[in-house]
Amino acid sequence: GIYSLKSRKFTLKTPPVVCDPSCGVGSFLAQFYRKWAITKQKAIHPVLVGQDKVDRMARLSLLNLALFGIAEAKVSRGNSLLTGSPLDAYIEKCDLILTNPPFGAKFSCADLSKQQREFFPNLFDYIQNRESDIYSELLFLDRYFSLLKPGGVLLAVLPDSVISSAGLPAYLREKIQEQFTITSITELPAVTFAQAGTRTKTCILEAEKRKSNNSVVFMSKALCIGYE
Numbered sequence: 009g010i011y012s013l014k015s016r017k018f019t020l021k022t023p024p025v026v027c028d029p030s031c032g033v034g035s036f037l038a039q040f041y042r043k044w045a046i047t048k049q050k051a052i053h054p055v056l057v058g059q060d061k062v063d064r065m066a067r068l069s070l071l072n073l074a075l076f077g078i079a080e081a082k083v084s085r086g087n088s089l090l091t092g093s094p095l096d097a098y099i100e101k102c103d104l105i106l107t108n109p110p111f112g113a114k115f116s117c118a119d120l121s122k123q124q125r126e127f128f129p130n131l132f133d134y135i136q137n138r139e140s141d142i143y144s145e146l147l148f149l150d151r152y153f154s155l156l157k158p159g160g161v162l163l164a165v166l167p168d169s170v171i172s173s174a175g176l177p178a179y180l181r182e183k184i185q186e187q188f189t190i191t192s193i194t195e196l197p198a199v200t201f202a203q204a205g206t207r208t209k210t211c212i213l214e215a216e217k218r219k220s221n222n223s224v225v226f227m228s229k230a231l232c233i234g235y236e
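In short: position in the sequence shown from 1, add 8, done, that's this note's numbering.
If you want it as structure tokens, here you go:
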């Protein structure tokens, strides 16, 4: 994520905006800031934006970031998939999104139909013409592209079904590939999140908000996580 920002010019008045729309306790944002400081770019403080629908998580995130010396993080409580949250102020303003969205939760198209097209740019027409449910990971993926500014980069841990399943995931993949550049896909071992209580197959998707130029997509498979 930091490498993706190195080629872009930032100033004290226009620092990079780094976002996690489902931030939990803020681990992604905290580790980003730590690595950013190590690269000796302390003069430019990134704007860290986080949101979580659970109030306790949002408060823990602020505490976690404070332990890293980050006193001005913009972390709030809100549902990132529904209109009216503080995250709405960052549509097309994020330079980098580092995230791991909730998996498996379902939202009905009826509840989502009130959102504007800019909220779900690729799923809007599907939502308006269906009465079925949509899994949260697909909605979050579409939401990320609405938050990224042109040239912005997404790095997200997603369930393998988003990359390989037929049906709506395939529909969304086709839409994304028409408008955005997929840079890399890294398959992770099933044990990656075993300590968190799940063995769901996951992958890391790296994408950029610019039209695809038919460049090579780097595909990789991690055979282990480095420890037992």
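Ideal Cβ placement from N, Cα and C applies to all residues, glycine included.
These numbers come from a predicted model, not from an experiment.
Option nearest residue i by Cα separation, candidates the options
i: V225; options: T194, F115, R42 and F132; result: T194
i: A113; options: S69, L131, S15 and F148; result: F148
i: V83; options: Q59, A74 and D63; result: Q59
i: E182; options: A204, A51, L68 and L146; result: L146
i: V26; options: S15, W44 and M227; result: W44
i: V165; options: P110, I184 and L176; result: P110
i: R16; options: A204, G159 and C232; result: G159
i: E216; options: L180, L196, K157 and M65; result: K157
i: E186; options: P29, P24 and R218; result: R218
i: D141; options: I184, S116 and L162; result: S116
i: P94; options: P29, E214, P177 and F40; result: P29
i: Y41; options: I10, V62 and D96; result: I10
i: Q39; options: D96, S12, P24 and N72; result: N72
Chain C within 9 Å of residue i, Cβ atoms only
i: G58; result: The chain labelled as chain C is not found in the depicted structure, where only one protein chain is given.
Other residues of its chain near residue i: CB distance less than 7 Å, five sequence neighbours each side excluded
i: F132; result: R125
i: A118; result: E139
i: S121; result: I135 and Q136
i: P129; result: D150, F153 and S154
Cβ pair residue i, residue j closer than 9 Å
i: P167; j: T200; result: no
i: I190; j: E214; result: yes
6 Å CB neighbourhood of residue i in its chain, flanking five on each side removed
i: I212; result: V165 and T194
Residues near residue i by beta carbon distance below 8 Å, same chain, minus five either side
i: A66; result: C31, G58, Q59, D60, V83, S84 and R85
Tell me the start and end of each unbroken beta strand (DSSP E) in the stretch 171–232 that is at least 3 residues and wholly inside, in chain order.
189–195, 210–216 and 226–229
Which parts of the stretch 63–142 are runs of the alpha helix (DSSP H), unbroken and 4 residues or longer, counting only runs that do not cross its ends?
63–75, 117–120 and 132–136
When you compare the stretch 68–86 with the stretch 99–116, are there three or more beta-carbon pairs, one atom per stretch, that lie closer than 8 Å?
no
Between the stretch 39–54 and the stretch 87–102, do three or more beta carbon pairs fall short of 8 Å?
no
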